[in-house]
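The listed protein sequences correspond, in order, to chains A and B. If you count the first sequence from 1, position 443 lands on 442 in numbering that gives the first Met the number 0, and the numbers rise without skipping. If you count the second sequence from 1, position 240 lands on 239 in numbering that gives the first Met the number 0, and the numbers rise without skipping. Note that CB positions come from ideal geometry on N, CA and C, so glycine has one too. Keep in mind the model is a prediction, meaning the values are calculated, not measured. Report on one structure; see the data block that follows.
Number of protein chains: 2
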Amino acid sequence: MTKSKKIFLSEKEMPKQWYNIAADLPGTLNPPLGPDGQPIGPEALAPVFPMNLIEQEVSTQRWIDIPEKVMEMLSIWRPSPLVRAYALEEALGTPARIYYKNESVSPAGSHKPNTAVAQAYYNKEFGINKLCTETGAGQWGSALSFACSLLDMECKVFMVRVSFDQKPFRKMMMQTWGGTCIASPSTETQAGRDVLAQYPDTPGSLGIAISEAVEAAVTDPTGQTRYSLGSVLNHVMLHQTIIGLEAKKQLKKVGEKLPDIVIACAGGGSNFAGLSFPFIQDKIHGAEMEVIAVEPHSCPTLTKAPFAYDHGDIAKMTPLLAMNSLGHGFIPPPIHAGGLRYHGMSPLVSHAVKEGLVTPEAIHQLECYEAGMLFARTEGIIPAPETTHAIASTIRQARKAKDEGKEKVILFNFSGHGFMDLVGYDKYLNGELRNHELGDAEFKEFTEVLKQYPSPIL
Amino acid sequence: MTKSKKIFLSEKEMPKQWYNIAADLPGTLNPPLGPDGQPIGPEALAPVFPMNLIEQEVSTQRWIDIPEKVMEMLSIWRPSPLVRAYALEEALGTPARIYYKNESVSPAGSHKPNTAVAQAYYNKEFGINKLCTETGAGQWGSALSFACSLLDMECKVFMVRVSFDQKPFRKMMMQTWGGTCIASPSTETQAGRDVLAQYPDTPGSLGIAISEAVEAAVTDPTGQTRYSLGSVLNHVMLHQTIIGLEAKKQLKKVGEKLPDIVIACAGGGSNFAGLSFPFIQDKIHGAEMEVIAVEPHSCPTLTKAPFAYDHGDIAKMTPLLAMNSLGHGFIPPPIHAGGLRYHGMSPLVSHAVKEGLVTPEAIHQLECYEAGMLFARTEGIIPAPETTHAIASTIRQARKAKDEGKEKVILFNFSGHGFMDLVGYDKYLNGELRNHELGDAEFKEFTEVLKQYPSPIL
């Protein structure tokens with residue numbers, strides 16, 4: 000063995016604090032607004048989230064201790080390996096050194112459990128014994144079911160109908176961990192019943208499912224149920240920063256300085272924030288680095304949508320958040336990267352893009368699947384459709400480094416494996432997939448709704 | 000963090016040689032026999048396997064070097080973690096220390112790639128550019144497709160019809176790695192056509208699929224195609240010993256001596272041999288240790304079937320092997336642990352059982368699923384149905400240790416994850432599964448065929 004592929008940390012080397020980028024971001028962060036257009040206080044969120052998580056949501060403390068019990072749960076799969084992609088480099092003939100952080104090693108198969116175990120823990124500490132959430136493709140619902148099973152809590156997941164029907168295995172995963180999974184829109188909530196009355200055959204959407212999950216949490220008569228969100232919010236980004244903090248230590252172990260390019264796909268922003276925020280801290284302090292957030296052309300939140308105030312869900316149950324948004328009524332085309340089909344984007348990620356710290360990039364799904372195939376046949380692991388976006392961008396950068404003859408160091412986030420998403424590969428191989436571009440007319444129609452809300456500080 | 004769950008080795012610490020138990024087993028090994036009942040020489044296997052693997056098959060050399068290129072491919076996921084199952088121990092209230100070797104971290108999700116990359120390598124070295132094989136539940140076909148993709152070789156997989164229809168995701172995995180997967184029996188081979196003529200609606204069996212794969216390999220007019228088998232044979236057991244060799248180093252790292260109990264499930268025997276053979280070496284030399292091979296009651300190869308000469312496949316294309324066999328025409332009931340539904344057993348494992356070095360144990364599937372659920376909800380990882388057999392036996396031993404108040408060290412093989420087998424869990428949760436016992440009449444009927452063959456030395 001001349002060269003090691005995988006760079007491990009021991010459990011003892013796991014970071015003991017999360018990094019809160021709110022402490023370092025330049026510019027003024029726009030606060031969440033209530034229905035009256037005024038900033039809301041923490042207490043307004045109390046029916047939805049436990050106060051200890053709300054405190055994290057609004058915190059500007061730079062480093063936040065990871066509780067011991069959370070560390071213990073994380074250590075089921077963390078620290079995750081950092082891997083040098085020698086075989087991919089060779090296939091591309093690039094002088095770039097490509098590293099990926101393998102978050103697919105978690106029991107649910109993606110980075111999502113990083114925040115799921117933390118959120119379940121804080122809720123339990125606060126006396127909550129049941130969590131409600133929504134899920135699109137099923138990664139988040141699986142992750143929260145997994146976390147709740149470890150802490151002996153109940154978990155109820157509203158899964159977007161079209162995914163519920165197409166991906167029965169995800170539901171089975173949740174049930175194996177003791178979670179309950181029902182198709183959304185459902186008849187269990189007012190929000191669901193309203194949608195069904197108007198559109199009985201709707202395939203559902205993440206926006207609708209969020210409305211249902213929030214309603215189910217806040218109307219629970221026991222008062223011991225809360226809602227949990229797998230992306231977008233500040234505390235979710237916080238919990239994911241363990242990814243980048245580990246990667247930093249691992250790069251150091253093999254004598255690499257900071258990477259030249261950091262890449263992750265971005266749907267709601269959590270795996271992107273998780274890898275990149277600890278590196279963006281260096282960029283804020285002067286390090287030269289390109290940080291790329293990759294999204295599908297069919298859901299161009301960062302590359303096309305405005306930075307504006309909008310709701311996170313279709314029933315407008317969430318506060319107004321300052322973020323890039325295609326409008327809360329946006330229904331994305333049926334691409335296979337379900338985790339990237341969200342109308343909004345994490346306010347912290349949106350802010351970092353606005354400040355020029357992050358370069359957004361849109362890539363079509365055919366290029367992404369081609370990249371995923373090359374990765375599977377060189378590095379061996381089949382990536383999730385979402386993850387193929389980061390791989391496609393990495394390949395672009397590696398080819399550019401080759402053209403320029405530069406020894407760039409590229410780090411990307413391997414956010415999840417594709418074992419539960421093989422239908423997409425099958426369709427790709429059978430030539431049944433096509434690219435989707437969001438047309439200008441559609442774009443205008445969906446973003447129209449944003450005009451009624453206050454403008455954020457730019 | 001007070002206690003580390005996962006014990007890692009660096010890639011540099013990976014064992015550099017495989018362990019060949021043929022060098023140490025007591026008693027006389029029975030040679031494979033040809034159609035005339037006489038021992039066959041290596042040359043008789045040459046149309047089926049490359050000579051370098053045949054040499055390994057008959058070798059009695061104790062240690063065999065792992066080629067550098069094989070080490071490199073193995074290092075995509077190896078060394079695999081050894082994990083202390085603290086949460087499971089706590090749930091059982093046992094004084095036993097339970098460790099499991101997590102072989103589910105390979106790209107195909109099981110231990111199978113350990114031999115797949117080795118077999119693909121030796122074939123390629125020998126000038127072969129295409130491999131044919133069979134697969135039941137799909138683990139082996141995926142593993143060989145993965146290995147062939149790394150070496151740019153063709154791979155053709157005959158998949159048992161019933162699994163082909165029930166598990167389309169496995170086929171998609173193989174295709175993503177560039178493999179071709181067709182349902183068996185097929186019209187592509189004489190063996191397949193013969194079966195279809197007689198039983199057009201047959202669900203297929205592993206025995207039929209083996210016949211097809213061997214025929215497809217030996218009749219290929221280019222002469223550059225060979226057959227590959229994922230279990231049973233001596234060289235397959237050899238390649239899997241890296242599991243136990245790593246586990247030994249890892250136990251040493253945390254100050255454990257030899258385990259008191261070593262447990263793995265056994266279908267064809269390869270994950271069992273992989274973990275246990277390096278420990279059985281110590282047992283042969285006097286160490287006190289219980290080594291348990293767990294199988295389903297519905298396919299009781301080790302606990303009920305005789306040690307006899309039999310063919311590995313239904314069309315009797317393989318040589319006669321001395322092994323525990325339920326008869327090559329045995330059709331097991333449709334339990335979900337597809338990898339444990341084989342009529343035969345590795346001759347080396349059978350021999351070790353015969354010599355009293357291994358204790359066989361049969362467990363019913365409901366107890367196994369219950370064990371799998373407990374594991375998923377404590378340790379977090381969803382096990383393959385095959386793996387739940389090892390877990391169920393571990394739980395029995397851990398409870399026994401509790402009853403006896405003994406601090407036993409139990410090591411078991413976590414041979415694969417259950418992401419592709421969630422339908423079994425779903426049926427279990429819905430109460431749709433039942434136990435299957437092999438009746439005496441059926442047993443007599445299937446083993447009748449064995450009487451016509453020579454008797455092995457006992």
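Would residue i pass as a contact of residue j if the rule is Cβ separation under 9 Å?
i: Ala-391 (chain B); j: Ile-409 (chain B); result: no
i: Ala-119 (chain B); j: Ser-227 (chain B); result: yes
i: Ala-146 (chain A); j: Gly-338 (chain A); result: no
i: Asp-309 (chain B); j: Tyr-98 (chain B); result: no
i: Ser-324 (chain B); j: Gly-343 (chain B); result: yes
i: Ile-75 (chain B); j: Gly-379 (chain A); result: yes
i: Pro-49 (chain B); j: Gly-404 (chain B); result: no
i: Leu-437 (chain B); j: Pro-332 (chain B); result: yes
i: Gly-206 (chain A); j: His-335 (chain A); result: no
i: Gly-236 (chain A); j: Ile-53 (chain A); result: The sequence given here places Met at residue 236 (chain A); Gly does not occur at that position. Not in contact: Met-236 (chain A) and Ile-53 (chain A) (Cβ atoms no closer than 9 Å).
i: Leu-150 (chain A); j: Arg-398 (chain A); result: no
i: Asp-281 (chain B); j: Leu-257 (chain B); result: yes
i: Gln-364 (chain A); j: Leu-428 (chain A); result: no
i: Val-422 (chain A); j: Phe-168 (chain B); result: yes
i: Ala-307 (chain A); j: Thr-446 (chain A); result: yes
i: His-284 (chain A); j: Gly-26 (chain A); result: no
i: Tyr-424 (chain A); j: Ile-381 (chain A); result: yes
i: Ser-230 (chain B); j: Tyr-121 (chain B); result: no
i: His-435 (chain B); j: Pro-220 (chain B); result: no
i: His-238 (chain B); j: Asn-113 (chain B); result: yes
i: Pro-46 (chain B); j: Val-217 (chain B); result: yes
i: Leu-373 (chain B); j: Leu-87 (chain B); result: yes
DSSP beta-bridge partners for residue i?
i: Thr-224 (chain B); result: B:Lys-129
i: Lys-15 (chain A); result: For Lys-15 (chain A), which the question treats as bridged, DSSP gives no partner whatsoever.
i: Val-408 (chain B); result: B:Arg-96
i: Val-293 (chain B); result: B:Cys-264 and B:Glu-360
i: Met-322 (chain B); result: B:Ala-307
i: His-416 (chain A); result: A:Pro-382
i: Lys-5 (chain B); result: B:Val-82
i: Asn-122 (chain B); result: Asn-122 (chain B) pairs with nothing; no bridge assigned.
i: Asn-101 (chain A); result: A:Phe-413
i: Ser-109 (chain A); result: A:Gly-415
Whose CA, out of the options, lies closest to the CA of residue i?
i: Gly-302 (chain B); options: B:Asp-309, B:Glu-431, B:Asp-64 and B:Ile-291; result: The sequence as given places Thr at residue 302 (chain B); Gly does not occur at that position. The shortest C-alpha separation from Thr-302 (chain B) is found at B:Ile-291.
i: Ala-212 (chain A); options: A:Thr-188, A:Asp-151, A:Gly-254 and A:Pro-453; result: A:Thr-188
i: Ile-127 (chain B); options: B:Ser-141, B:Ser-105, B:Val-116 and B:Met-152; result: B:Met-152
i: Ala-190 (chain B); options: B:Gly-243, B:Gly-177, B:Ser-210 and B:Val-357; result: B:Ser-210
i: His-416 (chain A); options: A:Arg-340, A:Val-104 and A:Glu-88; result: A:Val-104
i: Glu-245 (chain A); options: A:Gly-33, A:Glu-366, A:Pro-80 and A:Pro-299; result: A:Pro-80
i: Thr-386 (chain A); options: A:Glu-360, A:Ala-321, A:Val-293 and A:Ile-456; result: A:Val-293
i: Thr-377 (chain B); options: A:Arg-83, A:Asn-434, A:Leu-28 and A:Met-72; result: A:Met-72
i: Ser-454 (chain A); options: A:Tyr-121, A:Lys-15 and A:Pro-38; result: A:Pro-38
i: Leu-130 (chain A); options: A:Cys-180, A:Lys-450, A:Asp-193 and A:Arg-395; result: A:Cys-180
i: Asp-23 (chain A); options: A:Ile-262, A:Pro-34, A:Tyr-368 and A:Phe-278; result: A:Phe-278
i: Ile-482 (chain B); options: B:Val-161, B:Gln-174, B:Lys-170 and B:Arg-96; result: Any property of residue 482 (chain B) remains undetermined from this structure, which presents chain B solely from 0 to 457.
i: Met-419 (chain A); options: A:Lys-123, A:Lys-170, A:Gly-36 and A:Met-316; result: A:Lys-170
Assuming residue i contacts residue j under a Cβ cut-off of 8 Å, what Cβ separation, rounded to an integer in Å, is found between them?
i: Glu-10 (chain B); j: Lys-5 (chain A); result: 6 Å
i: Gly-243 (chain A); j: Phe-276 (chain A); result: 6 Å
i: Ala-115 (chain B); j: Ala-142 (chain B); result: 4 Å
i: Ile-241 (chain A); j: Trp-17 (chain A); result: 6 Å
i: Phe-413 (chain B); j: Lys-100 (chain B); result: 6 Å
i: Ser-269 (chain B); j: Ser-345 (chain B); result: 7 Å
i: Gly-178 (chain A); j: Met-158 (chain A); result: Rounded, the Cβ-Cβ distance is 10 Å, inconsistent with contact.
i: Leu-195 (chain B); j: Pro-202 (chain B); result: Wrong, their Cβ atoms sit about 12 Å apart, outside the cutoff.
i: Lys-111 (chain A); j: Gln-138 (chain A); result: 5 Å
Residue i touches chain C at which residues, Cβ-Cβ below 9 Å?
i: Pro-106 (chain A); result: In the structure shown, chain C cannot be found, because the protein chains are A and B.
Original post:
Going along the chain, which unbroken runs of the alpha helix (DSSP H) with 4 or more residues stay wholly within the region 130 to 199 of chain A?
Top reply: 138 to 150, 160 to 165, 167 to 175 and 189 to 197
**OP:** Would you mind listing the alpha helix (DSSP H) stretches within the region 31 to 94 of chain B that are 4+ residues and don't spill past its ends, in chain order?
**Re:** 50 to 57, 67 to 73 and 85 to 91
Original post:
At what residue ranges does the region 205 to 251 of chain B contain a whole run of the beta strand (DSSP E), taking only runs of 3 or more?
Top reply: 224 to 226
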